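Structure record follows, encoded as structure tokens.
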Amino acid sequence: MKKYPAAILMTIFLSSLSLILLGQMSAASEPVYQPVGAPADPKVSIAWNRYYDYAETTRLLHKLVEQHSQLAHLRSLGRSYHGREIWLMTITNPDTGDHASKPAFWIDGGIHGNEIQATEVTMYTAWYLLEMYGRNEFITRLVDERTFYLLPMLSPDSRDAHMHGPATTHSPRTGLRPFDADRDGLFDEDGPNDLDGDGHITQMRVRDPNGRHIPHPKYPHVMIPAEPGQPGKYRLLGTEGYDVDGDGRINEDAPGGYDPNRDWPWQWQPQYVQSGAGPYPLWVGPNRMAAEFIIAHPNIAGAQSYHNTAGMILRGPGLKSERWDRADIAVFDALGKQGEDILPGYRYLTMADDLYEGHGVEVDWLYSMRGIFSFTNELFTPENFFRQTDGGRFFATEETRAKFDRLLLFGDGFVPWREVDHPQYGRIEVGGMKKNWGRQPPSFLLEEECHRNMAFTLYHAEQMPQIQFQRLKAKRLDGAIYEITAVFSNPKLIPTRAAVDVARNITSPDIIRIEGPELSIITGLWSRDPFFREASEQVHEPERLRIPTVPGMGAVYARWLVTDPGPWRVSMTSVKGGSVFQELHAPDSP
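Numbering (my numbering), first residue to last: 288 to 877.
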């Protein structure tokens, strides 16, 4: 073998190393191919095809704030019954104004612990607003002009209980504050029991020729009622569990037992009227923390609460006896019908008329006591299974779920029936649908669910009121009298104050103010008509005109007659619509 001098070998080595490094640098300098809709190279990379528990969600919240400290702020409103922080994130651009001075949007998720994708949608919204700021013009403008308050986990205790403990897809819906659901003097003593230890609370059955159920002929793991005249093979015994306290009943006092969404003050009723109510309104700690924050921030003009399931965009009222103002309903209708386009398969519905009646519901409290246009989205429509309706009301039919499990989940959605020993019933079988789907989308449908629901929320937020100056003019009349006219518009769908807000004086009126070093006013008046044909004169404090509301896509006209030469400062301040001002000098001639 030929030997080369060391200097030549070193030269060859360094040249090769340089080529490798140049190749790496070239590869690193290539921009990441960006799909439309979301960043491929975010500062905080999060997989949106899975669910995150309390500890993971907490870590992600802190990471988002760490990487986007200019736009995001994180605080705890307090602790849950089991000591978990109730995190609230504020997102806005502070360089364009304090968060409390801008129209704000409230988003919460997970008031029912088993409705776990509600947290994911809220988190996705926070992530998207932060990561797309500066990349997308619409998102950038929204964060500059609006404030977002996001509370991803209203029931973190029961959410973790669902994820890490035995549960059905429907449980635990409650919080985990001890509660005597069966009124026997004991608390949470008889909940479901995981008889086979697999982490899922499924169904119990026993072979019985007098039973009235049979296996589905095509999907034998699904139990269906026998036809009239057809012999049965099994008796269904309910969800997994046994009689813990010896009262002859099974699973009648699970942990919790109350409904956090029957806890809000508007139309609240006690347990004997409204099932699930606690002893008094806002008895549930995290609800009270959220309510106190919302009350302290009257700039909140829109709100979204995420639940599951069935693909619904719900508004109140929760009771058929309530009647809402038609002007407000028109706003809800415009928002909700747009939502049906953004969310295919979702239906815009009224809670009391189209679903069921409920006392003490959050969305009613937000509107009726805070004047906030608010929706509850029931996440995940059964149409997502095969992009068609199948006749199921809230969930897909048993056959649709079984078909989806076979063709797309490859059997991963059901626990096979297996024998176990039951302390009261003897040898029985347990099996059925797993807890982690049914109400929740499977992994590959989760990100689309997050994005579409976020898009509806951002459309709503974009339509919150936004006061703008349209025109400001001073005109000199005879002598030393000046006529000053100001026109303020609201180019958004939502009024600065809802009709319910005006009727109940929930927030203060909008204020149009004129100021000057030697201000001397003869009269001040305002109108909704540019020709002041129907004007309201304000005798008391004419420099501070009180306007009930500026309607969506509407304007208000203010006029003063003054005798001072100015200059003047004219402003408008709206609790939910923001504030603007301009300065004006007197004209030289009439």
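We put the CB at the ideal spot given by N, CA and C, even for glycine. Since this is a predicted model, take the numbers as computed values, not measurements.
Practice prompt. Give every residue of the same chain whose Cβ lies closer than 7 Å to the Cβ of S313, excluding the five residues on either side of it in the sequence, and list them in chain order.
Written response: Here residue 313 corresponds to residue number 26 of the sequence shown, with the count starting at 1. For S313, the pLDDT reaches just 48, beneath the cut-off of 50, and the residue's location in the model is therefore unreliable, leaving the point undetermined.
Fill in: Residue nearest to L348 in terms of C-alpha spacing, selected from W724, N723, T377
Stepping through the sequence shown from its first residue, residue 348 is reached at position 61. Looking at the Cα atoms, T377 is the closest of the given residues.
Worksheet item: Would you say S823 reaches chain C, if we count a Cβ-Cβ gap shorter than 8 Å as a contact?
Response: In the displayed structure, chain C is absent; only one protein chain is listed.
Worksheet item: Mind pulling the beta strand (DSSP E) runs of 3 or more residues that sit fully within the segment 478 to 515?
Response: 490 to 494, 500 to 502, 510 to 512
Discussion item. Just verifying my parser: in three-state terms, what is the DSSP assignment at I246?
Written reply: Nothing can be reported for residue 246, as the shown portion of the chain is limited to 288 through 877.
Worksheet entry | Those residues which DSSP pairs with Q517 across a bridge | Stepping through the sequence shown from its first residue, residue 517 is reached at position 230. Answer is none; Q517 lacks a bridge partner.
Discussion item. Ignoring anything shorter than 4 residues, give me the alpha helix (DSSP H) runs that lie fully in the segment 744 to 832, in order along the chain.
Written reply: 786 to 791
Fill in: Whether H508 touches W704 by CB criterion (8 Å)
For the purposes of this step, residue 508 is taken as residue 221 along the sequence shown, with counting starting at 1. For the purposes of this step, residue 704 is taken as residue 417 along the sequence shown, with counting starting at 1. Cβ atoms of H508 and W704: closer than 8 Å.
Item to complete: Tell me, please, whether the segment 651 to 659 touches the segment 765 to 775 by the rule of three or more beta-carbon pairs shorter than 8 Å.
Response: no
Practice prompt. May I ask you to verify whether the segment 856 to 873 touches the segment 743 to 763, counting CB pairs closer than 8 Å and requiring at least 3?
Written response: They touch, by the three-pair rule.
Item to complete: Select from D495, E527, G528, Y529 the residue whose C-alpha is nearest the C-alpha of A513.
Response: On the sequence shown, residue 513 is found 226 positions in, with the first residue counted as 1. Per the Cα distances, D495.
Worksheet item: Identify the residues that DSSP records as bridge partners of S858: which are they?
Response: Start at 1 with the first residue of the sequence shown, and residue 858 comes out as number 571. The partner list for S858 (beta bridge, DSSP) reads R800, F868.
Worksheet item: When the Cα of D875 is compared with those of K760, H646, V857, which residue comes out closest?
Response: For the purposes of this step, residue 875 is identified with residue 588 of the sequence shown, where counting begins at 1. Answer by Cα proximity: K760.
Fill in: Pairwise C-alpha distance: N595 and T427
Residue 427 sits at position 140 when you count from the first residue of the sequence shown. Residue 595 sits at position 308 when you count from the first residue of the sequence shown. Distance between T427 and N595, taken at the CA atoms: about 30 Å.
Fill in: Three-way DSSP call (helix, strand, coil) for S313 in this model
Counted from its first residue, the sequence shown places residue 313 at position 26. Annotation note: pLDDT 48 at S313 (below 50); position unreliable, coordinate value reported separately. Correct three-state label for S313: helix.
Worksheet item: Taking the C-alpha atoms as reference points, what is the distance between A588 and I581?
Response: Position 301 of the sequence shown holds residue 588. Position 294 of the sequence shown holds residue 581. Using only the alpha carbons, I get a separation of about 10 Å.
Worksheet item: If you compare alpha carbons, which of M510, D447, D385, Q554 is closest to S866?
Response: Here residue 866 refers to the residue found at position 579 of the sequence shown. Here the closest residue by C-alpha is D385.
Item to complete: Could you tell me which of W724, T434, V650, R446 sits nearest to P381, measuring between CA atoms?
Response: Counted from its first residue, the sequence shown places residue 381 at position 94. Looking at the Cα atoms, T434 is the closest of the given residues.
Worksheet item: V352 to D550, Cα distance in whole Å?
Response: Residue numbering aside, residue 352 sits at position 65 when the sequence shown is read from its first letter. Residue numbering aside, residue 550 sits at position 263 when the sequence shown is read from its first letter. In a straight line, the C-alpha of V352 is about 31 Å away from that of D550.
Discussion item. Using C-beta distances below 8 Å, list every residue in its chain close to L642, excluding the 5 sequence neighbours before and after it, in chain order.
Written reply: In the sequence shown, residue 642 corresponds to position 355, counting from 1. So the qualifying residues of the chain are M599, L601, L636.
Discussion item. Please report the distance separating the alpha-carbon of H369 from that of D475.
Written reply: Numbered from 1 along the sequence shown, position 82 holds the residue referred to as residue 369. Numbered from 1 along the sequence shown, position 188 holds the residue referred to as residue 475. If you take the alpha carbons of H369 and D475, they lie about 15 Å apart.
Discussion item. Looking at the strands, I want to know which residues DSSP matches up with A454.
Written reply: Locating residue 454 in the sequence shown gives position 167, counting from the first residue. Looking at the DSSP output, A454 shares a beta bridge with H487.
Practice prompt. Starting from H360, follow the alpha helix (DSSP H) in both directions and report where the run begins and ends.
Written response: Locating residue 360 in the sequence shown gives position 73, where the first residue counts as 1. That residue, H360, is in no alpha helix (DSSP H); its beta strand (DSSP E) goes 359 to 366.
Worksheet item: Mind checking R337: buried by the 16 CB within 10 Å criterion, or exposed?
Response: As a position in the sequence shown, residue 337 is number 50, starting the count at 1. Label assigned to R337: exposed.
Worksheet item: Is the segment 620 to 640 touching the segment 691 to 708 in the sense that three or more CB pairs, one from each, lie closer than 8 Å?
Response: no
Worksheet entry | Boundaries (first-last residue) of the beta strand (DSSP E) holding T377 | Taking the first residue of the sequence shown as position 1, residue 377 is located at position 90. Element bounds for T377: 372 to 378.
Practice prompt. Could you pull the start and end residues of the beta strand (DSSP E) that A842 belongs to?
Written response: In the sequence shown, the residue the question calls residue 842 occupies position 555. Unbroken beta strand (DSSP E) run through A842: 841 to 849.
Practice prompt. Using only alpha-carbon positions, find the residue among Q869, D340, G462 that is nearest to E802.
Written response: Start at 1 with the first residue of the sequence shown, and residue 802 comes out as number 515. With distances taken between Cα atoms, E802 lies closest to Q869.
Worksheet item: Between L745 and the rest of its own chain, which residues show a CB-CB distance below 7 Å, the 5 nearest in sequence each way excluded?
Response: If you number the sequence shown from 1, residue 745 lands on position 458. Answer for L745: L429, listed in chain order.
Worksheet item: Expressed to the nearest angstrom, what Euclidean distance is found between the alpha-carbon atoms of V323 and G396?
Response: Looking up residue 323 in the sequence shown gives position 36. Looking up residue 396 in the sequence shown gives position 109. In a straight line, the C-alpha of V323 is about 26 Å away from that of G396.
Worksheet item: Could you give the residue range of the alpha helix (DSSP H) that holds G589?
Response: Locating residue 589 in the sequence shown gives position 302, counting from the first residue. That residue, G589, is in no alpha helix (DSSP H); its beta strand (DSSP E) goes 587 to 595.
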